[in-house]
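Please read the structure below before turning to the comments.
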Amino acid sequence: MAKKQDVFGVSGTDTVIGSSVKLKGNLSSETDITVDGTLVGNIKSGGHLTIGVNAHITGNLSATSITIAGQVDGNVLAVDSASVMETGQVHGDISCSRLEVGMGGVFVGMSKMKPLKATELEAQAGSDS
Amino acid sequence: MYYYILNPVAGKGSVSTLQEKLRLRLRELGIDGEFAKTTGPDDATKMAKAAIEKGHTTIVVVGGDGTVNEVVNGITKENVAVGIIPAGNSNMLAHRLGINTWQQACEVLAARRLTSYGLIAAGQKYFLSTLTLGFETDLDKQVETAPDTKLRSRVGQFVQGWGHARNYDTLECRIIIDGDLELTAPLFSLSITNQKFDNPLAPNKLLVTLVDTPNRRQLTSYLWNVLKKDDIEEGVSRFGAKRVVIETTPPTGIMIDGKLSGRTPIAIRLTNKQIRFITEKQFSTFKPED
Numbered sequence: 310m311a312k313k314q315d316v317f318g319v320s321g322t323d324t325v326i327g328s329s330v331k332l333k334g335n336l337s338s339e340t341d342i343t344v345d346g347t348l349v350g351n352i353k354s355g356g357h358l359t360i361g362v363n364a365h366i367t368g369n370l371s372a373t374s375i376t377i378a379g380q381v382d383g384n385v386l387a388v389d390s391a392s393v394m395e396t397g398q399v400h401g402d403i404s405c406s407r408l409e410v411g412m413g414g415v416f417v418g419m420s421k422m423k424p425l426k427a428t429e430l431e432a433q434a435g436s437d438s
Numbered sequence: 004m005y006y007y008i009l010n011p012v013a014g015k016g017s018v019s020t021l022q023e024k025l026r027l028r029l030r031e032l033g034i035d036g037e038f039a040k041t042t043g044p045d046d047a048t049k050m051a052k053a054a055i056e057k058g059h060t061t062i063v064v065v066g067g068d069g070t071v072n073e074v075v076n077g078i079t080k081e082n083v084a085v086g087i088i089p090a091g092n093s094n095m096l097a098h099r100l101g102i103n104t105w106q107q108a109c110e111v112l113a114a115r116r117l118t119s120y121g122l123i124a125a126g127q128k129y130f131l132s133t134l135t136l137g138f139e140t141d142l143d144k145q146v147e148t149a150p151d152t153k154l155r156s157r158v159g160q161f162v163q164g165w166g167h168a169r170n171y172d173t174l175e176c177r178i179i180i181d182g183d184l185e186l187t188a189p190l191f192s193l194s195i196t197n198q199k200f201d202n203p204l205a206p207n208k209l210l211v212t213l214v215d216t217p218n219r220r221q222l223t224s225y226l227w228n229v230l231k232k233d234d235i236e237e238g239v240s241r242f243g244a245k246r247v248v249i250e251t252t253p254p255t256g257i258m259i260d261g262k263l264s265g266r267t268p269i270a271i272r273l274t275n276k277q278i279r280f281i282t283e284k285q286f287s288t289f290k291p292e293d
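Those sequence lines, one after another, are chains A and B. For the first sequence, my numbering gives the first residue as 310, with consecutive numbering after it. For the second sequence, my numbering gives the first residue as 4, with consecutive numbering after it.
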């Protein structure tokens with residue numbers, strides 16, 4: 310069955326892994342990835358990475374931006390932002406430019422924040438105003 | 004000159020009644036050619052090969068997905084263009100190329116806009132559009148799932164499908180993706196397509212879609228979408244790949260472009276072989292991922 314046209318980009322289809330799926334190995338995609346299942350291995354996305362509430366990842370994550378609502382045992386590297394949601398748990402280090410941990414979210418590890426460049430700060434200020 | 008391969012039993016024999024009107028229209032458009040009828044399974048493959056050997060560079064299928072798939076398996080040269088005049092029970096391939104009626108198909112053939120698509124190899128066979136296994140394939144064997152605009156027929160299909168789903172046992176599947184990623188999951192249904200058929204701007208790539216065992220509410224929505232040949236969104240896993248090896252417990256039948264074509268386990272890969280289709284719009288040329 311096909312996927313709806315409006316979620317396609319020119320680089321291809323987003324990756325979605327459902328809650329009943331178990332993966333062993335490294336998962337990578339140039340597009341967005343959503344994982345709600347179990348994965349032992351690393352995940353690398355060229356876009357946004359979402360770790361769903363049912364997900365359990367044993368491995369490292371890297372993406373442009375990352376949202377975590379499930380459990381991650383491994384390090385997290387986001388070029389831009391990393392968000393640990395209320396149901397999220399991270400046991401590992403997080404490297405990113407912007408970090409958010411929601412009320413109830415668990416983060417056990419070190420955070421390495423990359424300071425924003427002046428141009429990025431200006432852009433951020435512009436978007437906030 | 005165009006070479007037309009007609010499947011006389013396609014669309015429950017509708018091709019035969021269409022033939023005269025079709026030839027007249029093709030003549031008006033200046034694209035009349037040689038016509039040949041298939042007489043049995045895999046005949047279209049042999050006919051396509053023979054036509055290419057005789058020097059034809061345009062092969063047009065008058066039939067459904069099964070006949071197109073047979074012709075695709077007979078295309079031996081890359082300079083050959085393939086056209087489709089949809090006249091089968093299932094015409095998904097034509098629809099995905101933007102062709103919905105035989106009248107429109109004639110106009111499309113005359114305009115001759117070409118788009119290349121990568122072929123997918125499933126075991127020893129090639130296919131273009133869709134491979135399915137699991138419930139959807141089983142349903143196709145049990146229930147006439149051709150899209151039907153009549154509400155009564157649709158409801159009849161739905162009731163049959165629902166009854167069949169209640170007795171369907173979910174499969175256990177193991178998929179090796181690109182040689183190093185192993186996926187295991189309970190499997191209700193699986194499909195593999197070339198993502199370029201859904202999005203002509205995207206590169207040629209296998210798009211693997213797994214459907215988890217649906218609950219009652221999801222099953223209603225799922226069945227409706229399957230019978231409409233429409234998209235399924237809930238309980239779905241989806242990923243891209245260049246090659247996959249699929250095993251199921253127990254082994255199960257595989258359907259390729261509407262035709263039963265072997266059983267699991269099976270290796271499926273995107274090849275560098277391409278087919279030039281005459282399409283409603285022209286998109287980018289073939290860009291292999293490998």
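We put the CB at the ideal spot given by N, CA and C, even for glycine.
So, helix, strand or coil for residue 166/B, using DSSP? In the second sequence, the residue the question calls residue 166/B occupies position 163. Residue 166/B: helix per DSSP, three-state reduction.
Residues that residue 215/B contacts on chain A, provided the C-beta gap is smaller than 7 Å: On the second sequence, residue 215/B is found 212 positions in, with the first residue counted as 1. What residue 215/B touches in chain A, judged by beta-carbon distance under 7 Å, is 327, 329, going in chain order.
Is residue 50/B helix, strand or coil when you go by DSSP? Taking the first residue of the second sequence as position 1, residue 50/B is located at position 47. DSSP places residue 50/B in helix when its eight states are reduced to three.
So, helix, strand or coil for residue 20/B, using DSSP? Along the second sequence, read from residue 1 onward, the residue named residue 20/B stands at position 17. Helix at residue 20/B.
Would you mind reading off the limits of the beta strand (DSSP E) that contains residue 422/A? Stepping through the first sequence from its first residue, residue 422/A is reached at position 113. Its beta strand (DSSP E) spans residues 420-422.
Residue 394/A, enclosing beta strand (DSSP E) - first and last residue: Stepping through the first sequence from its first residue, residue 394/A is reached at position 85. Careful: residue 394/A lies outside any beta strand (DSSP E) and carries neither H nor E.
Sequence-distant residues of its chain with Cβ nearer than 8 Å to residue 189/B (five each side left out): Position 186 of the second sequence, counting from 1, holds the residue named residue 189/B. Closer than 8 Å at the Cβ level, and outside the excluded window around residue 189/B, lie 173, 174, 175, 176, 215, 216.
Just to make sure I have the definition right: I need the residues of chain A whose C-beta is within less than 7 Å of the C-beta of residue 241/B. Which are they? For the purposes of this step, residue 241/B is identified with residue 238 of the second sequence, where counting begins at 1. By Cβ distance, chain A contributes 312, 322, 324, 325.
Quick check on the burial criterion: 16 or more other C-beta atoms within 10 angstroms. Buried or exposed for residue 381/A? For the purposes of this step, residue 381/A is identified with residue 72 of the first sequence, where counting begins at 1. When all chains shown are included, residue 381/A counts as buried.
Within 9 Å (strictly less), CB to CB, does residue 335/A reach chain B? Translated into the one-based positions of the first sequence, residue 335/A becomes position 26. So, interface residue.
Leaving aside the five residues before and after residue 196/B along the sequence, list all residues of the same chain whose C-beta is less than 7 Å from its C-beta, in chain order. Taking the second sequence and counting its residues from 1, the one referred to as residue 196/B is at position 193. Result list for residue 196/B: 132, 133, 210, in chain order.
Buried or exposed for residue 30/B, please, with buried defined as at least 16 other CB atoms from any protein chain shown within 10 angstroms of its CB. Stepping through the second sequence from its first residue, residue 30/B is reached at position 27. Note on residue 30/B: under 16 other CB atoms within 10 angstroms of its CB, so exposed under the neighbour-count rule.
Please list the partners that residue 122/B has in chain A, where partner means a Cβ-to-Cβ separation under 7 Å. For the purposes of this step, residue 122/B is identified with residue 119 of the second sequence, where counting begins at 1. By Cβ distance, chain A contributes nothing, its closest Cβ being about 18 Å from residue 122/B, past 7 Å.
Neighbour flag for residue 56/B against chain A, beta carbons, 9 Å: Taking the second sequence and counting its residues from 1, the one referred to as residue 56/B is at position 53. Residue 56/B is outside the set of residues whose beta carbon lies under 9 Å from a beta carbon in chain A.
If you check the beta carbons only, do residue 387/A and residue 403/A fall under 9 Å apart? As a position in the first sequence, residue 387/A is number 78, starting the count at 1. As a position in the first sequence, residue 403/A is number 94, starting the count at 1. Yes, they are a contact pair.
Kindly give me the distance between the Cβ atoms of residue 258/B and residue 70/B, rounded to whole angstroms, as I take these residues to be in contact under 8 Å. Here residue 258/B refers to the residue found at position 255 of the second sequence. Here residue 70/B refers to the residue found at position 67 of the second sequence. No, residue 258/B and residue 70/B are not in contact; Cβ-Cβ is about 15 Å, not under 8 Å.
Is the segment 30-46 of chain B in contact with the segment 412-424 of chain A, if contact means three or more CB pairs nearer than 8 Å? Contact between the segment 30-46 of chain B and the segment 412-424 of chain A is absent: fewer than three C-beta pairs spanning the two stretches fall below 8 Å.
With DSSP run on the structure shown, which of helix, strand or coil describes residue 151/B? Reading the second sequence from its first residue, position 148 is the one you call residue 151/B. For residue 151/B, the pLDDT reaches just 48, beneath the cut-off of 50, and the residue's location in the model is therefore unreliable, leaving the point undetermined.
Interface residues of chain B around residue 338/A at Cβ under 7 Å? Counted from its first residue, the first sequence places residue 338/A at position 29. Within 7 Å Cβ-Cβ: 243.
With a threshold of 7 Å on Cβ separation, who are the neighbours of residue 52/B within its own chain once the five nearest residues in sequence on each side are excluded? Indexing the second sequence from 1 puts residue 52/B at position 49. The residues are 77, 79.
Is it a yes or a no for the segment 371-380 of chain A touching the segment 276-285 of chain B, going by three-plus beta-carbon pairs under 8 Å? no
Among 95/B, 38/B, 272/B, 225/B, which residue has its Cα nearest to the Cα of residue 238/B? Indexing the second sequence from 1 puts residue 238/B at position 235. Ranking the options by Cα distance to residue 238/B, first place goes to 225/B.
Just to make sure I have the definition right: I need the residues of chain A whose C-beta is within less than 9 Å of the C-beta of residue 61/B. Which are they? Position 58 of the second sequence, counted from the first residue, corresponds to residue 61/B. Here the premise fails: no neighbours, minimum Cβ distance about 27 Å.
What three-state label does DSSP hand residue 382/A in the structure shown? Within the first sequence, numbered from 1, the residue matching residue 382/A stands at position 73. It is a strand residue.
Interface partners of residue 188/B on chain A, CB under 8 Å: Counting from one through the second sequence, the residue named residue 188/B turns up at place 185. Within 8 Å Cβ-Cβ: 327, 329, 330, 331, 346.
Residue 19/B to residue 335/A span [Cα, whole Å]: Mapped onto the second sequence, residue 19/B falls at position 16. Mapped onto the first sequence, residue 335/A falls at position 26. Taking the straight line from one Cα to the other gives about 53 Å.
Beta-carbon proximity of residue 72/B to residue 96/B, cut-off 9 Å: Looking up residue 72/B in the second sequence gives position 69. Looking up residue 96/B in the second sequence gives position 93. In contact: residue 72/B and residue 96/B (Cβ atoms closer than 9 Å).
CB residue 61/B to CB residue 86/B, shorter than 9 Å? By one-based count along the second sequence, residue 61/B stands at place 58. By one-based count along the second sequence, residue 86/B stands at place 83. Going by C-beta atoms, residue 61/B is nearer than 9 Å to residue 86/B.
Taking any Cβ of chain A, which residues in the segment 96-107 of chain B have a Cβ under 9 Å from it, in chain order? 99
With distances taken between CB atoms, is the gap from residue 90/B to residue 13/B smaller than 9 Å? On the second sequence, residue 90/B is found 87 positions in, with the first residue counted as 1. On the second sequence, residue 13/B is found 10 positions in, with the first residue counted as 1. Their beta carbons are under 9 Å apart, which means residue 90/B touches residue 13/B by this criterion.
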